[in-house]
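First residue of the sequence shown: 220, per my numbering; consecutive thereafter. Only one structure is covered here, and it is reproduced in the block below.
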Amino acid sequence: MFKKLIIVGVSATLALLPLSQAFAQEKPPSYEAMAQRMASELIANYGVSAVQYAIMDEGSIVLSGSAGVHDRATNQPVAKDTMFAIGSVSKMHVSAATMMLADAKLIDIDQPLVAYIKEFKMADERYKDITPRMLMNHSSGLYGTHYGNSMLFDDNDTENHDQLLTRLQSEHLKAEPGEFSVYCNDGFQLLELLVERVSGISYSEFVEKRINEPLQLTSTKTPLDDFDRERLAKTYFPTMEHALPVENPNVIGAGGLYSTAEELTKFAEVLIGNRPDVLSEQSVKAMQQAEYRNGVWISDEPSNYGYGLGWDAIRLVPFANYGITAMSKGGDTMLYHADLTTVPDQDISIAVITSGGSSIFNSIFTNNVLLDYLQYKDIIQDTPQQATFKPAAKVDLPAGMRAYEGLYGMVGETVHIEMKNSEIRLPVLLGGLIPEQTYSYTGDGQFTSSDGRLTASFVDESNGKTYLKLDANLDLPGLGGLNMITYAFQKLDKNPVPAAMKKVWEERNGKNYYAVDEKITSLFYLALDVLTKNIAVDMDYGYATGTRIVDANQAVNAAQIPMMNGRDAFDLNFHQEGQTEYLTIDGFAYIDGDAVKPIYAGKTSIATIQSDGHAVWYKIDAKAANKTMTVQVPEGGGFAVYDANGLPVNLSIVSKTNTVALPEGGRIVFGGPAGTVFKIGLE
């Protein structure tokens, strides 16, 4: 019915106007059509349920649109005031807040952080050299991220914020402060604490008073703010029918804000330099400097990464290829994704936010639409040339190249690189965007994928380390291309392990350890592999899951890789409690999978959360498989059931259902406050 009315209306208009004039009125600007097409593509093929986008040009919103639905159950459309979590785009807010304090002469971003946060201490004396600048440009040397109890359903627990300084006290640095930039969420959590210590108010209050009020933003909030949660676009998980509860990203400085696309472009006015009443021109320019050049870096080639202060890229391609300075910041929570890109010299900003998908998809969206908009305005005169790639033409491998064979690692992973028949084989890369495949030697020190889109080469860096460099030209069907240049792996030296230690580590090889400290309200329970640490031991080289074995119970981070593949480093620390082995990472405990017992297959049993508050895990063996489990869940408690592939069958916090059929080979976990007792029935 609705379609028929539209067709009749258009026909009447065509009858009244000359043909050329009618089509001029009906045809939208190319950038608007591009945005609508890409939004539809994300909805149709990239796991996105809701999209919102906006462009601001010289202080005015010139494009504001959306696709998908706010809520699948009601088919409620996405509105311009529908809110989304913006993930790490929030880092631009805390960076701006830090620079506001510098404008007020309350801090010096090149003075040690300990001058402002007296309680900041680490088990590594180099921490005293960390400055606020290093936190903003990711060069602090901190391991990366304390994820524990940070992403929670309908729960704004501040434990992650409150315990960060305590957790850091027992930790070391992975590099000299300022040596190189590698993505680091903890740095921006420390900036949040810095703002609170110096301003004397909570960070949420600071955002409201110093950013929202002068910019008249009404939809930019934190998990601690009081606002209507129904304004948030609903989120979904592939194996679950209903919308998920509200996601609270309780790492506010690093990635905890909610906003809208229009309000992100309004905030970008501050970052462009159009609001000197909020942030000085001097601070804006400082944030836009090529901070990544201050230490070891991949290259000076324009890319999607090249840090400023807060910014992911300050010479963003493809715009740099046209002599245009564009800057971008992407962001992901577990469920929401965002991208904010600005062209400061032209006073233009674009934002794209989604429920579902990935910030990489959002980045391709912003790049394509912004390019089209710049052409529309005649800022770019020529049509962007589509890159072409030739199939790899293999040539003979020079003998000297074999010196690069050996063990390579990134955080959490090692890979043996051998050169056979002038080829190397690399595993899955970039979070699955690049499949495992063979690369052929094509000359000039480069190995190329069969389609010519990916090249790998070896670089002997100024820090004495050897890296495998990846130049990736991604092509996502229906969206377009994205160029990423990164160091994918670092070459590792052999680490001989004494014979007395070998047996201990060999027994851990292939084992799974399950998280016991994560609150049952955590989004991490959506996927068993997020809660599981698998130990892969390489005794020939002396490494375990990407870490260097030190003694029978400890292995330490081995990778020192700039940009992304060196992020979120960790150490492995094992200890015994009675007959049970535990693994500790970032201060959080994991229980040995061998200690996880089968669920009792009789009619009734109980599970009790002990005084340590640890979650209780069970296996589903053949005796209990296919039986229906019904649980009496006390207030504050919950449980999750997974199949043999680690996919959630039931997460009671989400489903509100306490009855589930048990799949053979799966896992069950119960969580809640200490003393919580679950009554379990099997039929």
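The beta-carbon is built from N, C-alpha and C at its ideal position, and this holds for glycine as well. Quick caveat, the model's predicted, so the values are computed rather than measured.
For residue 624, collect the residues of the same chain with a Cβ closer than 7 Å to its Cβ; drop the 5 residues on either side in sequence, then sort them by chain order.
As a position in the sequence shown, residue 624 is number 405, starting the count at 1. Around residue 624: 636, 637 and 638.
Taking Cβ to Cβ, would you say residue 707 is nearer than 7 Å to residue 652?
On the sequence shown, position 488 is the one that residue 707 refers to. On the sequence shown, position 433 is the one that residue 652 refers to. Cβ atoms of residue 707 and residue 652: not closer than 7 Å.
For residue 702 and residue 880, I'd like the C-alpha separation in whole angstroms.
Position 483 of the sequence shown holds residue 702. Position 661 of the sequence shown holds residue 880. So the alpha carbons of these two residues sit roughly 46 Å apart.
Contained alpha helix (DSSP H) runs [length at least 4] in the region 246 to 321, N- to C-terminal order:
249 to 264
In three-state DSSP terms, what is residue 833?
Numbered from 1 along the sequence shown, position 614 holds the residue referred to as residue 833. Coil at residue 833, not helix or strand.
Nearest to residue 709 by CA position, among 697, 616 and 779, is which residue?
Numbered from its first residue, the sequence shown carries residue 709 at position 490. The residue with the shortest Cα to Cα distance from residue 709 is 779.
Taking 6 Å as the cut-off, does the CB of residue 331 come closer than this to any heavy atom belonging to the ligand GDP?
Of the ligands one can find in the structure shown there are none, so the ligand GDP has no counterpart to examine.
Could you have a look at residue 653 and say whether DSSP puts it in helix, strand or coil?
Along the sequence shown, one-based indexing puts residue 653 at 434. Residue 653 falls in the strand class under three-state DSSP.
Own chain residues within Cβ distance below 6 Å of residue 436, not counting five before or after:
In the sequence shown, counting from the first residue as 1, residue 436 sits at position 217. Once the five neighbours on either side are set aside, the close Cβ partners of residue 436 are 482.
Cβ-Cβ distance between residue 507 and residue 543 below 7 Å:
For the purposes of this step, residue 507 is identified with residue 288 of the sequence shown, where counting begins at 1. For the purposes of this step, residue 543 is identified with residue 324 of the sequence shown, where counting begins at 1. No. Outside cutoff.
Output the residue ranges of the alpha helix (DSSP H) runs that lie fully inside the region 713 to 768 and measure 4 residues or longer, sorted by chain position.
718 to 727
Per DSSP, residue 477 is paired with what?
Looking up residue 477 in the sequence shown gives position 258. BP columns for residue 477 point to 304 and 440.
C-beta atoms of residue 301 and residue 289 nearer than 7 Å
Sequence index remark: in the sequence shown, residue 301 carries index 82 (1-based). Sequence index remark: in the sequence shown, residue 289 carries index 70 (1-based). With contacts defined as CB atoms closer than 7 Å, residue 301 and residue 289 qualify as a contacting pair.
For residue 730 and residue 811, I'd like the C-alpha separation in whole angstroms.
Counted from its first residue, the sequence shown places residue 730 at position 511. Counted from its first residue, the sequence shown places residue 811 at position 592. C-alpha separation (whole angstroms): 8 Å.
Residues of its chain near residue 308, where Cβ-Cβ distance is below 6 Å and the 5 sequence neighbours each way are ignored:
Walking along the sequence shown from the start, residue 308 turns up at place 89. Beyond the five residues adjoining it in sequence on each side, residue 308 comes within less than 6 Å, by CB distance, of 548, 550, 557 and 559 in the same chain, given in chain order.
Note the first and the last residue of the continuous beta strand (DSSP E) segment covering residue 386.
The residue you call residue 386 lines up with position 167 of the sequence shown. Element bounds for residue 386: not the beta strand (DSSP E) but the alpha helix (DSSP H), 378 to 387.
With DSSP as the reference, identify every bridge partner of residue 780, one or two as the case may be.
On the sequence shown, residue 780 is found 561 positions in, with the first residue counted as 1. Per DSSP, none; premise fails for residue 780.
Would residue 352 be called buried (16 or more neighbouring beta carbons within 10 Å of its own) or exposed?
Counting from one through the sequence shown, the residue named residue 352 turns up at place 133. Around the beta carbon of residue 352, 16 or more other beta carbons sit within 10 angstroms, so the residue counts as buried.
Contact check, residue 840 vs residue 817, beta carbons under 7 Å
On the sequence shown, residue 840 is found 621 positions in, with the first residue counted as 1. On the sequence shown, residue 817 is found 598 positions in, with the first residue counted as 1. Yes; because the gap between Cβ atoms is below 7 Å, this pair is in contact.
Can you tell which of 760, 303 and 270 has the C-alpha that lies nearest to the C-alpha of residue 259?
In the sequence shown, counting from the first residue as 1, residue 259 sits at position 40. Here the closest residue by C-alpha is 270.
Between residue 291 and residue 393, how many whole angstroms is the CB-CB distance? I'm expecting something under 8 Å.
Translated into the one-based positions of the sequence shown, residue 291 becomes position 72. Translated into the one-based positions of the sequence shown, residue 393 becomes position 174. That pair is no contact at about 43 Å.
Under 7 Å, do residue 441 and residue 498 count as touching if we go by C-beta distance?
Taking the first residue of the sequence shown as 1, we reach residue 441 at position 222. Taking the first residue of the sequence shown as 1, we reach residue 498 at position 279. Going by C-beta atoms, residue 441 is not nearer than 7 Å to residue 498.
Neighbourhood of residue 277 by C-beta, 7 Å cutoff - its chain only, sequence neighbours within 5 removed:
Here residue 277 corresponds to residue number 58 of the sequence shown, with the count starting at 1. Answer for residue 277: 566, listed in chain order.
Write down the C-beta distance between residue 318 and residue 502 rounded to the nearest angstrom, noting that I regard them as a contact closer than 8 Å.
The sequence position of residue 318 within the sequence shown is 99, counting from 1. The sequence position of residue 502 within the sequence shown is 283, counting from 1. Contact flag correct, Cβ pair sits at about 4 Å.
Residue 867: first and last residue of the uninterrupted alpha helix (DSSP H) it sits in:
The residue labelled residue 867 in the question sits at position 648 within the sequence shown. No alpha helix (DSSP H) holds residue 867; the beta strand (DSSP E) holding it covers 867 to 870.
Can you give the beta carbon distance from residue 426 to residue 448, rounded, assuming they're within the 8 Å contact cut?
What you label residue 426 is simply residue 207 of the sequence shown in a count that begins at 1. What you label residue 448 is simply residue 229 of the sequence shown in a count that begins at 1. With 8 Å as the limit, residue 426 and residue 448 do not qualify as a contact, their Cβ atoms being about 18 Å apart.
Rounded C-alpha distance that separates residue 627 from residue 633
Counting from one through the sequence shown, the residue named residue 627 turns up at place 408. Counting from one through the sequence shown, the residue named residue 633 turns up at place 414. Distance between the alpha carbons of residue 627 and residue 633: 6 Å.
Whole angstroms is fine: what's the gap from residue 752's alpha carbon to residue 809's?
Position 533 of the sequence shown holds residue 752. Position 590 of the sequence shown holds residue 809. Near 8 Å, if we compare the C-alpha coordinates of residue 809 and residue 752.
Any 3 or more C-beta pairs closer than 8 Å across the region 730 to 741 and the region 364 to 372
yes
Can you tell me whether DSSP reads residue 566 as helix, strand or coil?
Numbered from its first residue, the sequence shown carries residue 566 at position 347. DSSP places residue 566 in coil when its eight states are reduced to three.
Could you tell me the distance, in whole angstroms, from the CA atom of residue 826 to the CA atom of residue 859?
Here residue 826 is taken as the residue at index 607 of the sequence shown, counted from 1. Here residue 859 is taken as the residue at index 640 of the sequence shown, counted from 1. C-alpha separation (whole angstroms): 13 Å.
Please state whether DSSP places residue 244 in a helix, a strand or coil.
To locate residue 244, count along the sequence shown from 1; it is residue 25. Caution is warranted here: a pLDDT of 42 is assigned to residue 244, below 50, making its placement in the model unreliable, and no coordinate value can be reported.
Simplified DSSP assignment, three categories, for residue 701
Reading the sequence shown from its first residue, position 482 is the one you call residue 701. Strand.
Just reading off the beta strand (DSSP E) that residue 644 is part of, what are its end residues?
The residue labelled residue 644 in the question sits at position 425 within the sequence shown. 642 to 645 is the span of the beta strand (DSSP E), which, as asked, contains residue 644.
Whole-angstrom C-beta distance between residue 513 and residue 363, which should lie under 8 Å
As a first step, residue 363 is located in the sequence shown; it is residue number 144 there, counting from the start. As a first step, residue 513 is located in the sequence shown; it is residue number 294 there, counting from the start. Wrong, their Cβ atoms sit about 19 Å apart, outside the cutoff.
Is the Cβ of residue 626 closer than 7 Å to any Cβ of chain D?
Judged by its chain identifiers, the structure shown contains no chain D, having just a single protein chain.
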